[in-house]
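Undergrad: Numbering (my numbering), first residue to last: 151 to 211.
Backbone N, C-alpha and C fix where the C-beta goes; we use that ideal spot for every residue, glycine too.
#1: On a Cα-Cα basis, can you pick out the residue from 203, 168 and 166 that is closest to residue 183?
#2: What are the start and end residues of the alpha helix (DSSP H) that includes residue 192?
#3: Have a look at 198, 175, 174 and 173 and flag the residue whose alpha-carbon is nearest the alpha-carbon of residue 185.
See below:
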């Protein structure tokens, strides 16, 4: 027995997967930027990440 999937259902599933993948990529990228930049020796980048962590109530010292 084969199951027929309409193109509308297939497109809807593809949009959900694509949206989830984009959201996951954005979260991972944001976390890398936020936490990795905090270890840079550049004072401006470090201070920006540090202030952002404080704003999110993340203990950093």
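TA: The structure says:
#1: 203
#2: Here residue 192 belongs to no alpha helix (DSSP H), and DSSP marks it neither H nor E.
#3: 198
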